[in-house]
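As numbered in the working numbering, residues -13 to 202 make up the sequence shown, in order.
Reviewing the structure listed below.
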Amino acid sequence: MMSPLVARLLLLVCLASPLYGVEKYGSCMQGPAGPTGREGNPGTNGIPGTPGIPGRDGLKGEKGECINEIFEEPWRPNYKQCAWNSLNYGIDLGKVADCTFTKLRSDSSLRVLFSGSLRLKCKNACCQRWYFTFNGAECTGPLPIESIIYLDQGSPELNSTINIHRTSSVEGLCEGVKAGLVDVAVWVGTCADYPRGDASTGWNSVSRIIIEELPK
């Protein structure tokens, strides 16, 4: 039979043994990590958030430029012809023929042409000038439109055999003529510093003035 003292010692050893085992396990080395686990299933959408606070107005921009678009009408041909059969005009100074033309734009140019027979004869050296006018004034944009005939030698009498009629032309382009009704005329006159002779225009043939409005 065990004595009471031995029994108490055994009871104390039994009570102390679990504590000793825990302490011993806590001091053991940690083992290797286990394999990575699989990803879980996607979660459901959360509750929508509330709207944010409205942003503030930005800085005021610079004032823009105003551009006006100009749409012009397409150019329309505008021309006219005046013709005469056998003018036979023998004046030496003055208007030979005219042709009225309606100019549509002020920023356009006028192309003019006179075609007809011209003749000059004289005793000594002489010169005659055929030129255009626009509403009574010669062209200044840029210069007059003219043609001349100069004869150096003649016969003692104006009715000499030197009497050659040739079809000639007076042609040019004039700028700066305003829109509206324009009186286009051909004149005959003298050349500077030379005496005039016996002029003839449009003998025994057709003469014509052609006027055309052109864009600049």
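Beta carbons are placed, not taken as given, at the ideal position from N, Cα and C, and that holds for glycine.
_Could you check whether Ser191 and Ser72 sit closer than 8 Å to each other, using their CB atoms as the reference points?_
yes
*Between Thr153, Trp189, Tyr180, Ala171, which lies nearest to Asn110 when the distance is taken from Cα to Cα?*
Tyr180
*Examine the Cβ distances between the stretch 162 to 181 and the stretch 26 to 37 and report whether three or more of them are shorter than 8 Å.*
no
*Is the distance from the Cβ of Lys81 to the Cβ of Trp189 below 8 Å?*
no
_Short Cβ contact (8 Å threshold) for Ile197 with Val156_ = no
*Contact check, Gly206 vs Leu96, beta carbons under 8 Å*: The question about residue 206 has no answer, for the chain in this structure spans -13 to 202.
*Determine, using beta carbons only, whether Lys89 and Glu199 come nearer to each other than 8 Å.*
yes
*asked:* I'd like the list of long-range same chain contacts for His151, defined as Cβ closer than 6 Å, with 5 residues on each side in sequence excluded.
replied: Ser103, Arg105, Trp189
*For Tyr11, which residues from the same chain have a beta carbon less than 7 Å from its beta carbon, with the 5 sequence-adjacent residues on both sides left out?*
With a pLDDT of only 45 at Tyr11, under the threshold of 50, the placement of this residue in the model should not be trusted, and no figure is reported.
*What do you reckon, are the CB atoms on Thr176 and Ser101 nearer than 8 Å?*
no
*Identify the residues that DSSP records as bridge partners of Trp61: which are they?*
Trp61 pairs with nothing; no bridge assigned.
*Should Ile77 be labelled buried (16 or more other beta-carbon atoms within 10 Å of its own) or exposed?*
exposed
_Cys85, DSSP secondary structure in three states_ = strand
*Below 7 Å CB to CB, which residues in the same chain sit around Asn121 once its five sequence neighbours on both sides are set aside?*
Val168, Asp169
*With a Cβ-Cβ cutoff of 8 Å, do Trp70 and Ser186 count as a contact?*
no
*Looking at the unbroken beta strand (DSSP E) that takes in Trp173, where does it start and where does it end?*
166 to 176
*Quick one: is Gln67 buried, meaning 16 or more other Cβ sit within 10 Å of its Cβ, or exposed?*
exposed
*Would DSSP call Arg105 helix, strand or coil?*
strand
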